[in-house]
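Notes for the one structure printed next.
Right under this line is the structure:
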């Protein structure tokens, strides 16, 4: 029972107990381990890491488990945990050009140096439910068989050092070069958003932003609400090294690899009286395999640059305040769900007011007791 | 609309100009915008800016009305205390203050100049409330007075402008601007989009208000008939440049520049 | 992936769960305190701050929690209310959070508390010097309903362009004959900034004026902090001929008989049965205990409300 007057303490305890039981489900089924989630629900884990802003597959998998598979709840758990982490060092910018590529495609050229690498993708699967998976425990031999039929062997699947597609255009001057506006990007997690935001800050917000929201906005630009004629210049996914430069050492050391997905869009060209026409860019990046998110992000990034190119801004995806203020699902989820909290004091105030107004309406037969004015006294204004 | 109008008596130019414009330039691209515009506007004077669409009229009006910073040039305003103010050197809050007290802007589309979701009375009262009026009944009285002055039925005071006709919306927009007795009013095609009989009524109303309140006005229009009826002086623009300026009758009856000649013959000739 | 990798550094006495005192790390608290100092120095001005994700959802008091976490010390006594009551679910949840992360004493008595975190009410018992009232704020911007753009509203505050606030009040009177804003009623602080007092009923507005207590406001999702220092003018916007007035009831509290407190309406059955009881549960109980006030309602009904 939802108790507002008295007994809140007890009610919360009971709700927590019930939640724990529901989360576990039927105990005749084996409990899901965090490792199983991490290994077998990788795309869920990757989304939670990206929007949760923490690269840690184990914690993300734990969050998915604890949240009963509700990814927004899992993202929230990871974000709250992030608040408590001390900041030990700031890494150097990662170089996605040096990525150990597992997947890399370009839609703008038939072939590119380094080749098109399809990698693991659902793209060309036929979306037919595979009833073999329904059978208890998929046949391990099947998977092993698929692995062994692949050439080359699993360890060599990835391709090192593919030159970036957009850099080839850049060397010809056909596309704007991507230069950071300032050397020291802002930090959205330490400083509140300030409008207008610079591009680095916008990209941070988009990277943490809700995949569904960005996807819908990106789609709207394709349907004409802020159209910017995109081509998927390059999408790459793989591992990059993370480096820090400890003050006491003075040189960079490698502290590990993280998996990233990056999308570089090539967009409509612009020129002006003092600039030759060039293609423009949209950029997307996220943790793990998050191709849909990275593409949507790149489209929205480009549409948010409308002011920079003096484009008309009349669509939602071009409105920086609209997009950035509403893209974070921890914020939006919290505020929408807070309507569940008691609001009876405010409601009481409205109730009293409404009763009073209705009473007056019945007494006066009108809504506007104050609107009765003597028009005869009003004609002097203009001439005075 | 094409009936010859009686020209308004021109205020003697002995008084100091209320607005002095020197070499004002705002260009988006070559010949897009306005280039090197200079003129003086005296108290009680109405200046018409004419030219075809894309000639830079609206850009010039925005720049003149402190809403679009120029690339270069000077905009000097003489306030009611006879102090000369360099408008674009003022801090932004002083400019915004000017725009809601001493100055008025009448937009071509009433929805740009009105709050469509609040009543006519609140629309008229807003500028008064912004400068500190805090008496509801007095605000209401002035609202009613102004509705009468712009020939809107006083019963409509609590109705939203979205329920008004185009002509009424435009008159309400004028009332909303004039309620603080501004000295300088900028109008962008105030009769655009209205049908001819409605235009005539609005022009007549405007002409009387301008005379009664001794307003200085800059009015942008592509309609030479409107220009002839309202303005003392005319400025003809083409591709961002002023090609000719002078007394309205002089320009319309004896145009010197080939473009003006073309404009006048194409509009006024039967 | 070792478990000890996820342990925390704590600069003060560690709380039972291994988190820092009041959850936030000391650097974050310092950032918050700087924002609070600025807020106190410019009453009613919304100070942007680097809000953090808290383990409670946005919209559920994260701003208030961060403010409380920044000002609370181990010898403070905390009271948490929601809708005026100490035992509403959200109040319980937030109080537990601070008990867990700070170990401070808590109280339901308004006069015993040094820090009171509230949602939607100001206690009926007058506050005194040295007390801090922390408000949870959902939307800090009083101009938001007129102007959705943050860039524009900040400019309007800076230039004191507040005419539109009265447009709203004018419309209320024109259409209803009254100012029809019942809660989150806008105020002007110290004669300068127009401020949203958070969604408290306008009944509570007069309590803010010249209050001896320090009033702090935290909006977590919107990342804004603002403040009303002790003994500051807080004026509710109105017209000269339509002055601000507060709600009044035809009823008394059915439990303690109070006639001057904010009353909640409790629906007792589906036959139109109603009880009116103080929204401030501590105030109501204190009156019953101290004065032995006879309940006006039947004992059975009172029991129902209290159980």
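Residue numbers (our numbering), protein chains in the order written: chain U, 1 to 384; chain D, 1001 to 1270; chain P, 2001 to 2307. For every residue, glycine included, the Cβ atom is placed at its ideal position computed from N, Cα and C.
Straight-line CA distance for residue i to residue j?
i                       : j                       : result
residue 2038 of chain P : residue 27 of chain U   : 55 Å
residue 1266 of chain D : residue 1038 of chain D : 27 Å
residue 296 of chain U  : residue 2073 of chain P : 46 Å
residue 1158 of chain D : residue 2143 of chain P : 23 Å
residue 232 of chain U  : residue 130 of chain U  : 31 Å
residue 1074 of chain D : residue 1200 of chain D : 36 Å
residue 1253 of chain D : residue 1035 of chain D : 26 Å
residue 1237 of chain D : residue 1247 of chain D : 15 Å
residue 2173 of chain P : residue 2194 of chain P : 20 Å
residue 280 of chain U  : residue 124 of chain U  : 29 Å
residue 2206 of chain P : residue 68 of chain U   : 47 Å
residue 2213 of chain P : residue 2094 of chain P : 21 Å
residue 1049 of chain D : residue 1205 of chain D : 20 Å
residue 45 of chain U   : residue 201 of chain U  : 24 Å
residue 1270 of chain D : residue 1198 of chain D : Any reading at residue 1270 of chain D needs caution, since the residue's pLDDT is 41, under 50, leaving its predicted position unreliable; the model's value is listed next. If you take the alpha carbons of residue 1270 of chain D and residue 1198 of chain D, they lie about 22 Å apart.
residue 1010 of chain D : residue 1263 of chain D : With a pLDDT of 47 at residue 1010 of chain D, under the threshold of 50, the predicted position of this residue should be treated as unreliable, and no value is reported.
residue 337 of chain U  : residue 2059 of chain P : 8 Å
residue 23 of chain U   : residue 66 of chain U   : 8 Å
residue 1114 of chain D : residue 1089 of chain D : 28 Å
residue 314 of chain U  : residue 82 of chain U   : 36 Å
residue 1067 of chain D : residue 58 of chain U   : 56 Å
Would you verify that the beta carbon of residue i is, or is not, closer than 9 Å to some beta carbon of chain P?
i                       : result
residue 1149 of chain D : no
residue 105 of chain U  : no
residue 227 of chain U  : no
residue 323 of chain U  : no
residue 82 of chain U   : yes
residue 1135 of chain D : yes
residue 175 of chain U  : no
Closer than 9 Å by beta-carbon distance: list the chain P residues that pair up with residue i, in chain order.
i                      : result
residue 346 of chain U : 2083, 2120, 2182, 2183, 2184, 2199, 2200, 2201
Chain D partners of residue i, CB-CB under 7 Å?
i                       : result
residue 2019 of chain P : Chain D residues near residue 2019 of chain P: none, gap ~46 Å exceeds 7 Å.
residue 2159 of chain P : 1093, 1096
In chain order, what residues of the same chain lie with their CB nearer than 7 Å to the CB of residue i, ignoring the 5 residues before and after it?
i                       : result
residue 1210 of chain D : 1046, 1217
residue 2191 of chain P : 2233
residue 2076 of chain P : 2104, 2114, 2115
If we define contact as Cβ-Cβ less than 9 Å, is residue i a contact residue for chain D?
i                       : result
residue 2045 of chain P : no
residue 2240 of chain P : yes
residue 2255 of chain P : no
residue 2162 of chain P : yes
residue 2167 of chain P : yes
Quick one: which chain U residues come within Cβ less than 8 Å of residue i?
i                       : result
residue 2049 of chain P : 192
Across which residues does DSSP place residue i in a beta bridge pair?
i                       : result
residue 1237 of chain D : D:1242
residue 2133 of chain P : P:2116, P:2215
residue 2079 of chain P : P:2116
residue 1961 of chain P : A query on residue 1961 of chain P cannot be resolved here, the shown segment of chain P reaching from 2001 to 2307 and no further.
residue 259 of chain U  : U:239
Less than 8 Å between C-beta atoms, sequence neighbours within five positions excluded: which residues of the same chain meet that for residue i?
i                       : result
residue 2055 of chain P : 2023, 2097
residue 388 of chain U  : With chain U running from 1 to 384 in the structure shown, residue 388 of chain U is simply not present.
residue 1282 of chain D : Given that chain D is displayed from residue 1001 to residue 1270, the structure contains no residue 1282 of chain D and the question cannot be resolved.
residue 107 of chain U  : 231, 232, 233
Could you list which residues in chain D have their beta carbon closer than 9 Å to that of residue i, in chain order?
i                       : result
residue 2175 of chain P : 1119, 1158
Give a yes or no on whether 9 Å exceeds the smallest Cβ distance from residue i to chain U.
i                       : result
residue 2156 of chain P : no
residue 2138 of chain P : yes
residue 2308 of chain P : For residue 2308 of chain P there is no data in the structure shown, the boundaries of chain P being 2001 and 2307.
residue 2236 of chain P : no
residue 2117 of chain P : no
In chain order, what residues of the same chain have a beta carbon less than 6 Å from the beta carbon of residue i, not counting five sequence neighbours either side?
i                       : result
residue 215 of chain U  : 296
residue 2164 of chain P : 2146
residue 2088 of chain P : 2082
Residues of chain P with CB under 7 Å from residue i, in chain order?
i                       : result
residue 1173 of chain D : Correct list: empty, because the minimum Cβ distance to chain P is about 16 Å.
residue 978 of chain D  : In this structure chain D extends from 1001 to 1270, so residue 978 of chain D is not present and cannot be described.
residue 1154 of chain D : By Cβ distance, chain P contributes nothing, its closest Cβ being about 13 Å from residue 1154 of chain D, past 7 Å.
Would you mind telling me which residues of chain P sit closer than 8 Å to residue i, beta carbon to beta carbon, in chain order?
i                       : result
residue 342 of chain U  : 2082, 2083, 2088, 2089, 2090
residue 1145 of chain D : Residues of chain P passing the Cβ test: none, with the nearest at roughly 16 Å.
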